[in-house]
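Since the structure comes first, as structure tokens, the remarks are kept for the end.
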Amino acid sequence: MLVLGSLAPVRAEVIERILAVVSGALVLQSDAEAAIKLGLVTVPPGADRLQAALDQLIERQLMLIEVDRYGPPEPPLSEVDVSVREIDQRIGSGERMNAILRESGMTVDQLRLRVRDDLRIRSYLLQRFGNQPVPPEDEIVQYYRTHEREFTRDGVVRPFSEAGIQARDALIAERRSQLIREWLAGLRRRTDINVLYLPGR
Amino acid sequence: MAFLLAIALMGGVQGVASFVGRPIVATEVVVEGFRTEDATVRSLIETTVGEPLAMAEVRETIAHLFSLGRYQDIQVEAFAEGDGLRLRYNLIPIHSVQRVEFRGQLGLSTGTLRQAIIERFGPTPSATRAPEVAQRLQEVYNERGYLGAAIRPVVEVLHDPDRTILAFEIESGPAARVGEVTIEGDPGESREAFLRRIHADPGRVYERIEVDKRLSEFIERQKRDGRYEATARHTFQQSDDGKTVNLTVELDRGPLATVQFTGDPLPKDRLEELVPVRREGSVDTDLIEDSERRIASSLHQQGYWKAIVTSTRQQTAERLDIVFNVRQGLQYRIENGVEVTGNQTIPIEDLRPALTRLAPGGLFAESDLGAAASAIRGIYLRRGFAHSKISSSVNELPPAPTGEGRVKPVITIVEGPLTLVGAVGFSGNAAVPTGELSTRIGSTTGRPYFEPTVVQDRDAILLEYRNRGFASATVDVSAQLAEDRSRVDLTFRITDGPQTLVDHVLIVGNVRTDSKVIAREIVLRPGQPLGLANLIESRRRITALGLFRRVQITEITHAGSTKHDILVTVEEAPSTTLGYGGGVEASRRLQEASGTGAAEERLEVAPRGFFEVGRRNIGGRNRSVNLFTRLSLRPDSSADGAGDGGLFGFAEYRVIGTYREPRSFGLNSDIIITAAVEQGIRSSFNFARKGVNAEVTRRLSPGVRLSGRYSFNTTRTFDVTFDSDTDEGEIGTIDRIFPQVRLSGFSAAISRDTRDDVVEPSRGRFLSAEGSIAARALGGQVGFIKSYVQGSFFHRLPVRRRVVFAGRAAVGLANGFPRLVERTDADGTPIEGEFITLEDLPASERFFAGGDSTIRGFALDSVGAPNTITPTGFPRGGNAILLLNAELRVPVWGDLGGAVFADGGNVFERTTQLDLGELRGSVGFGVRYRSPIGPVRLDLGFKLDRRTVGTRREGPRGIHFSIGHAF
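Chains A and B are the protein sequences, given in the same order.
For the first sequence, the positions run 37 to 237 when the numbering used here is used.
For the second sequence, the positions run 35 to 1001 when the numbering used here is used.
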């Protein structure tokens, strides 16, 4: 057994690599790992974790390019503090947080910078897509009818008179998401994106 | 056992965590499997052998290496070695697409396919865009009838050299042919002819793009015939086997449109412009409404204040009649000008420029009255009357007996309080002190409050932040108005944002040029703020080297880092430059009259040409050599008019070889060594000169230049027109004794240039002073000291046109060192035992005046105090010169301009004889044409006082044609 162990070849381990280049900006393996571990991206069950993180980081970079172009107001430091604290709480321990930052080559200042950019993106999205017009009544009713499950409680569909406001807000949110998706698709088309990561490679 | 075996076979996968902090025992860089020791690459690696592994350094290294623009992928591997680790950077070079290939059964020409790619992606699209290119090709095939074409992109990567071939494997399949065609609508000709015309006759290969194009032509034809609402489209249905398509063509020719006018007549030559239905090919409602407004506006401008234009639209299935009804009414004039009331603070004289279009008796246009009120409002705002109100009323008067309408416009001003800037404060400016920001703004306490100035101030503050690397800084202004509106307190609220610093400066693209040559022009330094002004200045300085066809400076961002790499990409220009050209020179010059030998002005036309060859960037250090040759063939001007029987009598030439070394000896100075051979022509003599110069120039600041020069030359004067005179003055003597003179001397010059444009200045100054000394101790035959000081001034006048006033003053003084020489007779033969002390300069070094760049009422060199002119009227030059020039340059139309000028000055034999009361003067005018090679100039100058010079009476004028301004 010992002989087998010592005969094992010295294998290289890829500790860092470029996963994608978005309009000249790099997305590295450590960016994706840090985003996953810090809970800044979501990985659906069963999905390739790096691929899922990479997709979201590419979209984030695309949005950041637009944000830098239009320059929304600088987020207050207090907001950055709150967001960093939320990440801290999610991680659970300062030691764990430090380990994640060390393994991804990130400093606390860089994490704050990243959080700042996330807040700028949020502010930009709110500014650009936040004020969606209230849909007409018939469209809300239509949404309510086609999404009955959302308005079902204890197996009983709530009447429109009761769930109308919730249906309206859900429809507005869906339309907003749709607009953002279309906007992002447009950004993807216009931007030079080179994805180097292939799942399983 | 099985578990341990599994670990062994895995080779001990340990994760990043297990490597971080372990000492690095070795680092290697591998490019496609081969180790490299490239110094540039090595210098960018942040991880250090012997130090513990830090992932931040690995990330930084990847970012730097990628910034080089050479690698498309970078991976970092770690190998455990004892307690330490070995790092390997795997670099995968960019394999740029070298060519695009098409393979298989194409069906279409490669030219068609290549063109389709070039139009959208350029000649060599990147390999990552291969799927998009394939999609575009698919569209091209479909448009041309190959509805079942299959296209597969193949990227072939080749090595040594690294390149990619982007290939498309194509199976075009058969082209579909047109089957049945259904036409809905009237094509206006036979079915067969129409189908042939639109390339849709049954059996023909179906090319959708071609059919669409022909249908567009059908629409255009209908529009030309007045059917502006014509439409045409087609749809197709493919057969199951894909070999035929059935078409449905839908046509609607629309009604035939006519445009008619009723009421008052309009000028026929303006109808197309006023109602551009034919030009636009449209009769839509917007266009017709615009036409109504255009006609009405045109009439209003002509004084028909109450003109009304309406239109009606009468449509049937076959016809569309558009009728414009024009009622122009009376033509109104302004009675006794416009009345302005309520201006208590600003005098009417200051408001007058706003009222120029409302002159008494002029045609009245209400838009002019509105414009005048707006202009007055602008004047008040600029002076701090932020709450002023300006209104206007037309005030119609009874019509004049002639039937014309009359108005008496009134502009009423309510000035309101004067609002001044109160307290000015800054908040949030952690990075830039308040004191420094205060110097950047124009809105200061006590100044009139003017909102656009505040906006400019905000931009100035923002620029200051950008220049200090705060790319995302924001500046908001809050203006608090006092209750009595007499003052506004301003607060500039600043959010600094993060400061970006320069990490590495990377230079790529230079093949022959030493990177140090580029690096020393870059004013961005690692660790310093990445400022906008420094970025622009770096680009300007690299471009100014003249070595590159293209210079690009890119900021490379690192995710989550405030340190950015600066990537300088250059594309080198060819090292060898060639230049050649030719032309004709025309000028008036003094020449000997036939028979008398007296001076007379003659117009001389001489063909000339030049050839230049240069080699730059020698040794990659921006050194250059240049050879310039110029030849001008002067016509035969011998006194007897006979010459040698040839057309040309004298060849004027110049051959100059130059070696230039910028920033030589590690100093901020350029060395220029010049060797020249030339033969030239002046009014009183011709000369041949050979010599060398060595010059050192140093730029002290962007506008100030200092230079020092040593020169050694031999000048031979011949065809001298004043050596036969009987005057025994020194000037004649020195030229007789030294028909060929050797000069050796030093000179120093300093200049300050603040002109906005060297070729066509509109503001700024140019000041220069030069002093030179030549001495026998330096190896020359004659010694002298000489100085020349000049100053030019350019000022753009505050009028609407770009009128520029230009002025110049220049003074030159020289004095020869005494030298005892043997006297010579008129033939230049020494007279034994007779000596004379000379204190003069040889002809080639004396001052002359007159001509296109000095005093323009005179021919070249013909100005001088009486004792500098020979009895036959030729100038001998002098030791002192004074020049004064003033010129007004006025643009006239497009690139054409005009000028009026006054020139004065004179040449004096001795510096002690310089006399301001003895100046000769001329005034004149000229025409300018702004050409790509500089202003082409034709000047006509008139003497203010014509005199008899020698035996001749001066001509009244001088005419000059040349390129470039006089000064």
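Yeah, the Cβ is synthetic: ideal placement off N, Cα and C, and Gly gets one too.
Length of the line joining the Cα atoms of B:Ser-956 and B:Lys-340: 55 Å
Indicate the three-state DSSP secondary structure (helix, strand or coil) for A:Gln-168 in the structure shown. coil
Same chain, Cβ closer than 7 Å to B:Arg-231, neighbours up to 5 away in sequence not counted: Arg-248
For the beta strand (DSSP E) containing B:Pro-641, list its first residue and its last residue. 633 to 652
Do you know offhand how far A:Asp-124's Cα is from A:Arg-132's? 9 Å
Quick one: which unbroken alpha helix (DSSP H) runs of 4-plus residues sit fully inside the region 103 to 173 of chain A? Chain order, please. 113 to 127, 130 to 140 and 144 to 165
Within 8 Å of any Cβ in chain A, is that where the Cβ of B:Ile-58 sits? no
Could you tell me the distance, in whole angstroms, from the CA atom of A:Val-57 to the CA atom of B:Ala-803? 57 Å
From what residue to what residue does the alpha helix (DSSP H) around B:Asn-176 run? 164 to 177
Once the 5 residues before and after B:Thr-95 are set aside, which same chain residues still bring their CB inside 8 Å of it? Leu-78, Ile-79, Glu-80, Thr-81, Val-110 and Tyr-123
Can you give the Cα-Cα distance for B:Arg-573 and A:Asn-230, rounded to whole angstroms? Going by C-alpha positions, B:Arg-573 is about 28 Å away from A:Asn-230.
Counting contacts by CB-CB distance shorter than 8 Å, is A:Thr-143 in contact with chain B? yes
What separation, rounded to the nearest whole angstrom, lies between the Cα atoms of A:Leu-234 and A:Gln-87? 8 Å
What is the rounded straight-line gap between the Cα of A:Ser-197 and the Cα of A:Arg-212? 24 Å
Just to make sure I have the definition right: I need the residues of chain A whose C-beta is within less than 8 Å of the C-beta of B:Val-110. Which are they? Neighbours of B:Val-110 in chain A, taken as residues at a C-beta separation under 8 Å, are given in chain order as Val-50, Ile-51, Glu-52 and Arg-53.
So the candidates are B:Val-50, B:Asn-849, B:Arg-910 and B:Val-317; which of them puts its Cα closest to the Cα of B:Gly-817? Of B:Val-50, B:Asn-849, B:Arg-910 and B:Val-317, the residue nearest in Cα terms is B:Asn-849.
Give a yes or no on whether 8 Å exceeds the smallest Cβ distance from B:Thr-487 to chain A. Not one chain A Cβ lies under 8 Å of B:Thr-487.
Could you check if B:Tyr-614 is buried or exposed, using at least 16 other CB atoms within 10 Å of its CB as the buried criterion? exposed
Under the three-state DSSP convention, the category B:Gly-679 falls into: Here the model assigns B:Gly-679 a pLDDT of 44, short of 50, so the residue's position is not dependable and the matter cannot be decided.
Contact set between B:Ile-590 and chain A, taken where Cβ atoms lie within less than 8 Å: Gly-60
Using a Cβ cut-off of 8 Å, pull out every chain A residue sitting near B:Ala-90, in sequence order please. Gly-141, Met-142 and Thr-143
Got a sec, what are the start and stop residues for the beta strand (DSSP E) B:Lys-257 sits in? Unbroken run through B:Lys-257 is the alpha helix (DSSP H), 242 to 258; no beta strand (DSSP E).
Residue range of the beta strand (DSSP E) that B:Tyr-963 falls in? 954 to 965
CA-to-CA distance, A:Gln-214 to A:Pro-80, given in whole angstroms: 20 Å
Identity of the residues DSSP links to B:Phe-746 by a beta bridge: B:Val-726 and B:Ser-778
Proximity to B:Leu-415 [Cα-Cα], best of B:Val-448, B:Arg-104, B:His-98 and B:Pro-467: B:Val-448
Name the chain A residues that come within less than 8 Å of B:Asp-537, Cβ to Cβ? Around B:Asp-537, no beta-carbon contact reaches into chain A at under 8 Å, the shortest distance being about 14 Å.
Counting Cβ pairs, one atom from each stretch, are 3 or more of them under 8 Å apart for the region 905 to 917 of chain B and the region 873 to 891 of chain B? The answer is yes - the region 873 to 891 of chain B touches the region 905 to 917 of chain B, with three or more Cβ pairs under 8 Å.
For A:Ala-71, count neighbouring C-beta atoms within 10 Å of its own C-beta (all shown protein chains included) and say buried if the count is 16 or more, exposed if not. It counts as buried.
Best match in B:Ser-512, B:Val-926, B:His-994 and B:Leu-930 for proximity to B:Arg-623 [C-alpha to C-alpha]: B:His-994
According to DSSP, simplified to helix, strand and coil, what is B:Gln-533? coil
What separation, rounded to the nearest whole angstrom, lies between the Cα atoms of B:Gly-998 and B:Asp-355? 60 Å
Short of 7 Å Cβ to Cβ, which residues in the region 192 to 208 of chain A face chain B? Cβ contacts with chain B: none found.
State the CB to CB distance for the pair B:Pro-966 and B:Phe-976, rounded to an integer number of angstroms; the pair is presumed to be in contact (CB under 8 Å). With 8 Å as the limit, B:Pro-966 and B:Phe-976 do not qualify as a contact, their Cβ atoms being about 31 Å apart.
Counting contacts by CB-CB distance shorter than 8 Å, is A:Leu-149 in contact with chain B? yes
Counting only C-beta atoms, is A:Pro-109 closer than 8 Å to chain B at any point? Under the Cβ criterion of 8 Å, A:Pro-109 is counted among the residues facing chain B.
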